[in-house]
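Colleague: Here it is, the structure in full.
Protein chains in written order, with full-length UniProt numbering: chain A, 1 to 421; chain B, 1 to 484.
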């Protein structure tokens, strides 16, 4: 061995004039490399060959049991002989014929006896499956960036993103037909539905779950926060919640009754927690683009609002406009939804520099939001602080069904969910 | 492999495996395994795995040149010859011997097929030999604790269960319910823990008749069902776990129950205690005491630590045994020590931490009973009983919220040999689940079969070994390779 300048793999070669130690080192390294490859290969070989051998056995046993009187013996092994290219079944013994790697080309699932899909359907190494074959349900996992092992993807969760995309779609749909009147309304509704339907089936949205205590349906991303307020365990939270109720009661008046315990105590703290309403200013930033389309949408929005009133996305935008004032103003804003434009003006004064652009617009279209809001309140509870009462909104969603569902759940998710945790 | 019925034969006289549907009798058409060749195969496996590898690696060529090779030799199954790969054909032609055993892996090679063959009978012996070091069918000590003889009867199983879909393989994400990724990673590691899985899927916790309202163990049971029995591939909403968590009133973990991000390690401790209380003897598991119970949590997670203090004066040894849930790595102190030497780029390996904690001894003052005075003493920590699931965390188990995750990266191996750290020899390793903290987010990596998966809340993706190894480990779960 020492005379040669390489090992078994023949990949790592010493120079011909190298010293003997040098040659030895190369040989050892080369042999080790050979062993590594050998081990990897034998592992794959083992899995594959065992699977193929089992496939051959399953096939021939199936043949045997089909050939025998099926009414008599399905459990016990029939005493007959059956033979395929790959195996022989002889009175209860299954013997292989030849090498299963050569005789058997596919793999049957040992449990359901259906052929296994051997290549992923998407992503790296994907091949189109034969549509005429019913495959075993265990598929190779998909390796594709942005998708999970089942080829699924999700509505983007980040602030504003999921919704924004949707709004873009809507913009495309609404801008062409600027015709005023009742026509846009069904179109809009249809647009929402189209948004959900146009999504490929492997894009999932976040589900809702039922809170064990209050039995309300909560969007999963809000579940922890909800439980904090609904179940909340320690005295600390309870006292805080009580204090909040009192303060809310004074400022919110009649509105508060319906609000109940839906308000997460945390969100009322001064600190900008990732709680419900605290995120609305952020939302505002991300919605800058939408403002533009709002303005041009506004014209027919006013009209169509009468019939439909519950267009979810629009409502949220409205809300953010109100809420964009500042954290302190929240209560006021809420009441303002019952009232009118004057308070809006107050808000403008208080507004931070970041949302400078907004007031101008707001002034210009001040009448329209007021109108809408009034409408909204008299309608179902939808338009009242939707963010705080997540349970309610998502529930009414559920009953609303259809395309609106997705839109709402996204938007509430975007408003409330803390940045991806 | 595990699904196959164990051979009931005594270890001394292994028979050919009885015919099972879907499995051929022999590995290839040429094999007609006789009992004698099984015996001989076992002997060869002992030669290969029990002794120094130099014996099977040394071969003698026909012209009497003795060579020891790094690559595989072939041990003839029909005589005592060891040949190199090149000489194998020659030997076969001369003696018409057709079966050989690979000297490194013990695999059987058939000269007629010109291929390795995987005979069900012989392969089972080989796997068992590699796994446990002996041929005897597994000591079912641990399984007996969890099982019930009536329920193990195959007929009972077939009449009372429905086979799960092939698609249900337990790989699902868990939705983040708002800053709950620290829970998700712990739940994922529980879900892919074979001991817990078998316990729950084996009806270990009587879900219907539990009686406890908001029982976390029932919630776990439901979750295992959801993961391993249903075809769903979307994320799972762990609402019952979450509500059980909110409702449970544990003083020690009060701080944990908030809507904010928490420490995964603390949640693990919480969950372990809670599940112990639901399934165990009801006694509080105290970390310090030598408490043990037969519940699934203790069986899998709790080990015992032996602290021995040796008086430097009289040589008297005092032993104290404690049970532990997780193995703390003295990471911060070690990092500090290193930090002094090398100002930048401190990185540690898991083994170094374990060395520091469980091999090296430290000195302390203590009051020796024999000498009846304060004496210098040597303190040694070692692991008396390794848990089946070894959890080591790089945190110091502090309940202090401000204690940030320690930043020092720890290099860890995929398999860990715990032999040096134990009082009794036993090696534990493979399949770990890691949770790691990346700024404020936890991701968990689990191995299922040979494939690593990354669980990032509801997203499940394939992961490569290098991704796993380069991850910043925060909690590491090592699960024993084979029981017995």
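The beta carbon of each residue, even a glycine, is placed where N, CA and C say it ideally should be.
Computed from a predicted structure; not experimentally measured.
Should residue 282 of chain A be flagged as near chain B, meaning a C-beta pair shorter than 9 Å?
Modeller: Indexing the first chain from 1 puts residue 282 of chain A at position 282. Any reading at residue 282 of chain A must be qualified, since the residue scores a pLDDT of 42, below 50, and its modelled position is unreliable; the value itself is stated next. It does not; no Cβ of chain B falls within 9 Å.
Colleague: Report yes or no: do three or more beta-carbon pairs, one from the region 59–68 of chain A and one from the region 27–47 of chain A, lie closer than 8 Å?
Modeller: Output reads no: the region 27–47 of chain A does not touch the region 59–68 of chain A.
Colleague: Going along the chain, which residues of the region 298–321 of chain B sit with their C-beta nearer than 8 Å to a C-beta in chain A?
Modeller: Going along the region 298–321 of chain B in chain order, one finds no residue with a Cβ nearer than 8 Å to chain A.
Colleague: Look at the alpha carbon of residue 92 of chain B and the alpha carbon of residue 100 of chain B, and state the distance between them as a whole number of angstroms.
Modeller: Mapped onto the second chain, residue 92 of chain B falls at position 92. Mapped onto the second chain, residue 100 of chain B falls at position 100. If I take the Cα positions, the gap works out to 9 Å.
Colleague: What's the gap between the Cα of residue 277 of chain B and the Cα of residue 196 of chain B?
Modeller: Position 277 of the second chain holds residue 277 of chain B. Position 196 of the second chain holds residue 196 of chain B. One C-alpha to the other measures close to 15 Å.
Colleague: Less than 9 Å between the beta carbons of residue 87 of chain B and residue 53 of chain B, yes or no?
Modeller: Along the second chain, one-based indexing puts residue 87 of chain B at 87. Along the second chain, one-based indexing puts residue 53 of chain B at 53. No, the Cβ-Cβ distance between residue 87 of chain B and residue 53 of chain B is not below 9 Å.
Colleague: Per the DSSP calculation, residue 73 of chain B is bridged to which residue(s)?
Modeller: Here residue 73 of chain B corresponds to residue number 73 of the second chain, with the count starting at 1. Looking at the DSSP assignment, residue 73 of chain B forms a beta bridge with B:84.
Colleague: Quick check on this structure: which residue in A:143, A:28, A:116 has the alpha carbon closest to the alpha carbon of residue 130 of chain A?
Modeller: Taking the first chain and counting its residues from 1, the one referred to as residue 130 of chain A is at position 130. Residue A:116 is the option with its Cα nearest to residue 130 of chain A.
Colleague: Does any C-beta atom of chain B lie closer than 9 Å to the C-beta of residue 138 of chain A?
Modeller: Locating residue 138 of chain A in the first chain gives position 138, where the first residue counts as 1. Yes, residue 138 of chain A counts as interfacial toward chain B.
Colleague: Hey, would you say residue 357 of chain B sits closer than 9 Å to residue 386 of chain B, going by beta carbons?
Modeller: Within the second chain, numbered from 1, the residue matching residue 357 of chain B stands at position 357. Within the second chain, numbered from 1, the residue matching residue 386 of chain B stands at position 386. Their beta carbons are not under 9 Å apart, which means residue 357 of chain B does not touch residue 386 of chain B by this criterion.
Colleague: Sort out for me which residues DSSP pairs residue 87 of chain A with in a bridge.
Modeller: As a position in the first chain, residue 87 of chain A is number 87, starting the count at 1. Beta-bridge pairing links residue 87 of chain A to A:96.
Colleague: Would you check if there are 3 or more beta carbon pairs closer than 8 Å linking the region 232–244 of chain B to the region 162–177 of chain B?
Modeller: Result yes; three or more Cβ-Cβ pairs closer than 8 Å.
Colleague: With DSSP as the reference, label residue 82 of chain A as helix, strand or coil.
Modeller: Numbered from 1 along the first chain, position 82 holds the residue referred to as residue 82 of chain A. Correct three-state label for residue 82 of chain A: strand.
Colleague: Anyone know if the C-beta pair for residue 191 of chain B and residue 245 of chain B falls short of 9 Å?
Modeller: Translated into positions along the second chain, residue 191 of chain B becomes position 191. Translated into positions along the second chain, residue 245 of chain B becomes position 245. No, the Cβ-Cβ distance between residue 191 of chain B and residue 245 of chain B is not below 9 Å.
Colleague: Assuming the contact rule is C-beta atoms closer than 8 Å, residue 150 of chain A and residue 233 of chain B should be a hit. Round their C-beta distance to whole Å, please.
Modeller: Working through the first chain from its first residue, we reach residue 150 of chain A at position 150. Working through the second chain from its first residue, we reach residue 233 of chain B at position 233. With 8 Å as the limit, residue 150 of chain A and residue 233 of chain B qualify as a contact, their Cβ atoms being about 4 Å apart.
Colleague: On the CB-based measure, 16 or more other CB atoms within 10 Å of its CB, does residue 106 of chain B come out buried or exposed?
Modeller: The residue labelled residue 106 of chain B in the question sits at position 106 within the second chain. Residue 106 of chain B comes out buried.
Colleague: On a Cα-Cα basis, can you pick out the residue from B:315, B:314, B:307, B:270 that is closest to residue 301 of chain B?
Modeller: Walking along the second chain from the start, residue 301 of chain B turns up at place 301. Nearest option by C-alpha distance: B:270.
Colleague: If you draw a straight line from the alpha carbon of residue 459 of chain B to that of residue 19 of chain A, how long is it in whole angstroms?
Modeller: Here the question's residue 459 of chain B lines up with position 459 in the second chain. Here the question's residue 19 of chain A lines up with position 19 in the first chain. C-alpha separation (whole angstroms): 55 Å.
Colleague: Okay, do the region 373–383 of chain B and the region 303–317 of chain B touch, 3+ Cβ pairs below 8 Å being the bar?
Modeller: As far as the Cβ criterion goes, the region 373–383 of chain B touches the region 303–317 of chain B, which means the pair count is three or higher.
Colleague: Quick check on residue 170 of chain B: does DSSP put it in helix, strand or coil?
Modeller: The residue given as residue 170 of chain B occupies position 170 in the second chain. DSSP places residue 170 of chain B in coil when its eight states are reduced to three.
Colleague: Under 9 Å, Cβ to Cβ, is there at least one residue of chain B near residue 127 of chain A?
Modeller: Within the first chain, residue 127 of chain A is the residue found at index 127, counting from 1. Closer than 9 Å: no.
Colleague: Identify the residues that DSSP records as bridge partners of residue 358 of chain B: which are they?
Modeller: One-based indexing of the second chain puts residue 358 of chain B at position 358. According to DSSP, which records beta bridges pairwise, residue 358 of chain B is partnered with nothing at all.
Colleague: Give, in chain order, every residue of the region 163–183 of chain B whose Cβ lies closer than 8 Å to some Cβ of chain A.
Modeller: Answer set for the region 163–183 of chain B: 163, 165, 166, 167, 169, 171, 173, 175, 176, 177, 178, 179, 180, 181.
Colleague: Assuming contact is defined by CB atoms lying nearer than 9 Å, are residue 98 of chain A and residue 110 of chain B in contact in what I supplied?
Modeller: Locating residue 98 of chain A in the first chain gives position 98, where the first residue counts as 1. Locating residue 110 of chain B in the second chain gives position 110, where the first residue counts as 1. No.
Colleague: In angstroms, rounded to a whole number, what distance separates the CA positions of residue 96 of chain B and residue 89 of chain B?
Modeller: Position 96 of the second chain, counted from the first residue, corresponds to residue 96 of chain B. Position 89 of the second chain, counted from the first residue, corresponds to residue 89 of chain B. Going from the Cα of residue 96 of chain B to the Cα of residue 89 of chain B covers about 9 Å.
Colleague: So that I know if they touch, is there some Cβ in chain B lying closer than 9 Å to that of residue 26 of chain A?
Modeller: Counting from 1 along the first chain, the entry for residue 26 of chain A is found at position 26. Judged by the 9 Å Cβ criterion, residue 26 of chain A is not in contact with chain B.
Colleague: Using 9 Å as the threshold, is the C-beta distance between residue 428 of chain A and residue 53 of chain A below it?
Modeller: One cannot answer for residue 428 of chain A here, as it falls past the ends of chain A, which runs 1 to 421.
Colleague: Less than 8 Å between C-beta atoms, sequence neighbours within five positions excluded: which residues of the same chain meet that for residue 8 of chain A?
Modeller: Walking along the first chain from the start, residue 8 of chain A turns up at place 8. Excluding positions up to five away in sequence, the list reads 30, 31, 34.
Colleague: For residue 100 of chain B, report the span of its beta strand (DSSP E) as first-last.
Modeller: For the purposes of this step, residue 100 of chain B is taken as the residue at position 100 of the second chain. Its beta strand (DSSP E) spans residues 99–102.
Colleague: Using 8 Å for Cβ pairs, my map puts residue 87 of chain A next to residue 56 of chain A. What's the rounded Cβ distance?
Modeller: Taking the first chain and counting its residues from 1, one reaches residue 87 of chain A at position 87. Taking the first chain and counting its residues from 1, one reaches residue 56 of chain A at position 56. Confirmed, about 4 Å.
Colleague: Under a Cβ-count criterion, where at least 16 other Cβ atoms within 10 Å of its own Cβ denotes burial, should residue 66 of chain B be classed as buried or exposed?
Modeller: As a first step, residue 66 of chain B is located in the second chain; it is residue number 66 there, counting from the start. Residue 66 of chain B should be labelled exposed.
Colleague: Helix, strand or coil: how does DSSP classify residue 315 of chain B here?
Modeller: Here residue 315 of chain B refers to the residue found at position 315 when the second chain is read from its first residue. Note: residue 315 of chain B maps to coil in three-state DSSP.
Colleague: Buried or exposed: where does residue 371 of chain B fall if 16 or more other Cβ atoms within 10 Å of its Cβ makes it buried?
Modeller: Residue numbering aside, residue 371 of chain B sits at position 371 when the second chain is read from its first letter. Exposed is the call here.
Colleague: Please report the residue range of the alpha helix (DSSP H) in which residue 41 of chain A lies.
Modeller: In the first chain, residue 41 of chain A corresponds to position 41, counting from 1. Here the alpha helix (DSSP H) through residue 41 of chain A covers 20–67.
Colleague: Hey, would you say residue 109 of chain A sits closer than 9 Å to residue 138 of chain A, going by beta carbons?
Modeller: Locating residue 109 of chain A in the first chain gives position 109, where the first residue counts as 1. Locating residue 138 of chain A in the first chain gives position 138, where the first residue counts as 1. Their beta carbons are under 9 Å apart, which means residue 109 of chain A touches residue 138 of chain A by this criterion.
Colleague: Tell me, please, which residues DSSP counts as bridged to residue 455 of chain B.
Modeller: To locate residue 455 of chain B, count along the second chain from 1; it is residue 455. DSSP lists B:444, B:460 as partners of residue 455 of chain B.
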